[in-house]
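Enquirer: Residue numbers (our numbering): 2 to 406. For each residue, glycine too, the CB sits at the ideal point set by N, CA and C. As the structure is a computational prediction, the values presented were derived from the model and not from experiment. Below is one structure. I have some questions about it.
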């Protein structure tokens, strides 16, 4: 009998402890789930939210003048400050915007890198100690020696400022520059030397949420899933102004936008080909890479992707409609590619890995020409190797011009 009493009482003795353990476990699980949800929401929101201002990636340690009177800026050495080629300094609050030379070592100071001040576009270096180094070297086509006409594209979201550089010997060939996420139409100016050499007409456009064209209703990037409609407007403008051969030049997210335009636009048949620099071929791959880069668990990265693609994620992303990441995956959709495409991608791209570009080129050798660069950061291919960049475009466009004859 005593044994039976003990047996029946034993669970009662441990029940409070068991319930406490379960409660603590559930509470911990709830906290963990809430943390994962919050982090994934923040990560997803950052992906589609335009930045009001660029975060400074370059710390200026000294500004010195050499014996020849040249001004040099000494930066803390890092991936951005030591990136090969010239760049543009955009100081915090845009107190100064200037073009800087390619980097060189600072004698006896291995932790520093120096860049020469080549031109101040606006503002002053007085008091400037930090800024953002952009691969877009020029503020206006005139800074690179090209006259440009200011035009306005009638985008669905409102007026979109654009630059038009008239062509010469091949004026009916139009190249439309589509910049990347967080960039502006200035990004494509680096391609003007080779494009004008070939006699092409060049249209450098703005699109929704880029700080020049009006914002979309939700004020969010569509990662290419919505912006292609603005590029369609540019294609229509080109057609209405004499273009018989249209090439889209897309940078980073602009590559994703160009691919969607060629796939979904009613004017796709009028697009001859694509030239893509450091393009996003597969956003899922980019999200996974960015999660690793920011030391975010892959489970969080995958959940962020889910938030972007589902209506239930609107609370976190602010998107008016989900982004269709499957439709933006051109590795899986390689068989659906229909336009000749030049991919220019650095194997050292730290933001958009070149793996998907390699895969797409391997899957569609009939349409895709791949030019791999070394040493260049994201979309810095023309900065680190201007001759190689120009040669790739020259060879590709020459073939496309001949194919139309």
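1) Indicate the three-state DSSP secondary structure (helix, strand or coil) for residue 187 in the structure shown.
2) Could you pull out every residue in the same chain whose Cβ sits closer than 6 Å to the Cβ of residue 176, ignoring the five residues on either side in sequence?
3) Does the Cβ-Cβ distance between residue 215 and residue 221 come in under 9 Å?
4) Thinking residue 246 and residue 330 are a contact (beta carbons under 8 Å), I'd like their distance in whole angstroms, please.
5) Taking the C-alpha atoms as reference points, what is the distance between residue 192 and residue 289?
6) Which runs of the beta strand (DSSP E) spanning at least 3 residues fall entirely within the region 158-230, listed in chain order?
7) Find the nearest neighbour of residue 126 within the set 291, 75, 264 and 87, judged by alpha-carbon distance.
8) Residue ranges of each beta strand (DSSP E) run of no fewer than 3 residues wholly in the region 274-357, ordered along the chain?
9) Quick check: the Cα distance between residue 395 and residue 261, rounded to an integer number of angstroms?
10) In angstroms with no decimal places, state the Cα-to-Cα distance between residue 362 and residue 254.
11) Taking buried to mean at least 16 other C-beta atoms within 10 Å of its own C-beta, is residue 384 buried or exposed?
12) Give every residue of the same chain whose Cβ lies closer than 6 Å to the Cβ of residue 355, excluding the five residues on either side of it in the sequence, and list them in chain order.
13) Could you tell me the distance, in whole angstroms, from the CA atom of residue 359 to the CA atom of residue 293?
14) Could you have a look at residue 25 and say whether DSSP puts it in helix, strand or coil?
15) Give the DSSP-derived three-state secondary structure of residue 119 in the structure shown.
16) Tell me which same chain residues have a C-beta within less than 8 Å of the C-beta of residue 4, skipping the five on either side of it?
17) Quick check on DSSP: helix, strand or coil for residue 246?
18) Roughly how many angstroms separate the alpha carbons of residue 33 and residue 129, rounded to a whole number?
19) Straight-line CA distance for residue 124 to residue 97?
20) Taking the alpha-carbon positions, what's the residue 122 to residue 181 distance?
21) Using 10 angstroms around the beta-carbon of residue 23, count the other beta-carbons present and answer buried if the total reaches 16, otherwise exposed.
22) Is the Cβ-Cβ distance between residue 137 and residue 184 less than 9 Å?
23) Between the C-alpha atoms of residue 378 and residue 80, what's the straight-line distance to the nearest angstrom?
24) Give the DSSP-derived three-state secondary structure of residue 389 in the structure shown.
25) Using three-state DSSP, classify residue 403 as helix, strand or coil.
26) Going straight from the alpha carbon of residue 399 to that of residue 91, what length do you get?
27) Hey, out of 163, 133, 73 and 161, whose CA is closest to residue 119's CA?
28) Using a threshold of 8 Å, is the CB atom of residue 286 nearer than that to any non-hydrogen atom of the ligand SAM?
29) Which class does residue 395 belong to by DSSP, given the choice of helix, strand or coil?
30) Taking residue 231 as the reference, which of 87, 64, 268 and 243 has the closest Cα?
31) Could you tell me the distance, in whole angstroms, from the CA atom of residue 229 to the CA atom of residue 314?
32) Looking only at its chain, what residues have a beta carbon closer than 8 Å to the beta carbon of residue 272, apart from the 5 residues adjacent to it on each side?
33) Are there 16 or more other CB atoms within 10 angstroms of the CB of residue 86, so buried, or fewer, so exposed?
34) Specify whether the region 53-63 and the region 305-321 touch according to this definition: at least 3 beta carbon pairs, one from each stretch, less than 8 Å apart.
35) From residue 116 to residue 190, what does the alpha carbon distance come to, in whole angstroms?
36) So who's on the other strand from residue 127, going by DSSP bridges?
Expert: Once the coordinates are examined:
1) helix
2) 196, 201, 203, 248 and 250
3) no
4) Residue 246 to residue 330, Cβ: 28 Å. No contact.
5) 30 Å
6) Counting whole runs of 3 or more residues, the region 158-230 contains the beta strand (DSSP E) stretches 159-166, 171-179 and 201-206.
7) Taking only the C-alpha atoms, the option nearest residue 126 is 75.
8) If we require 3 residues or more, the beta strand (DSSP E) runs fully inside the region 274-357 come out as 342-347.
9) 24 Å
10) Across the structure, residue 362 and residue 254 are spaced so that their CA atoms are roughly 18 Å apart.
11) The residue in question, residue 384, is buried, as its Cβ has 16 or more Cβ neighbours within 10 Å.
12) 346 and 348
13) Rounded to the nearest angstrom, the two C-alpha atoms are 20 Å apart.
14) At residue 25 the pLDDT is 46, less than 50, meaning the model places this residue with poor confidence and gives no usable figure here.
15) strand
16) Only weak support exists for where residue 4 lies, its pLDDT of 36 falling under 50; the value from the coordinates is given anyway. Same-chain partners within the cutoff: there are none.
17) strand
18) Summary for residue 33: the model assigns pLDDT 48, below 50, so the residue's position carries little reliability; its value from the coordinates is reported in the next sentence. Looking at the two C-alpha atoms, the distance is approximately 42 Å.
19) 4 Å
20) 22 Å
21) The predicted position of residue 23 is uncertain, since its pLDDT is 48 and thus under 50; a value taken from the coordinates is nonetheless stated next. Per the 10 Å Cβ criterion, exposed.
22) yes
23) 8 Å
24) helix
25) helix
26) So the alpha carbons of these two residues sit roughly 36 Å apart.
27) 73
28) The ligand SAM is absent from the structure shown, which contains no ligands of any kind.
29) helix
30) 268
31) 23 Å
32) Counting only Cβ-Cβ distances below 8 Å, and skipping sequence neighbours, we find 236, 247, 248, 249, 262, 263, 266 and 340.
33) buried
34) Contact between the region 53-63 and the region 305-321 is absent: fewer than three C-beta pairs spanning the two stretches fall below 8 Å.
35) So the alpha carbons of these two residues sit roughly 21 Å apart.
36) According to DSSP, which records beta bridges pairwise, residue 127 is partnered with nothing at all.
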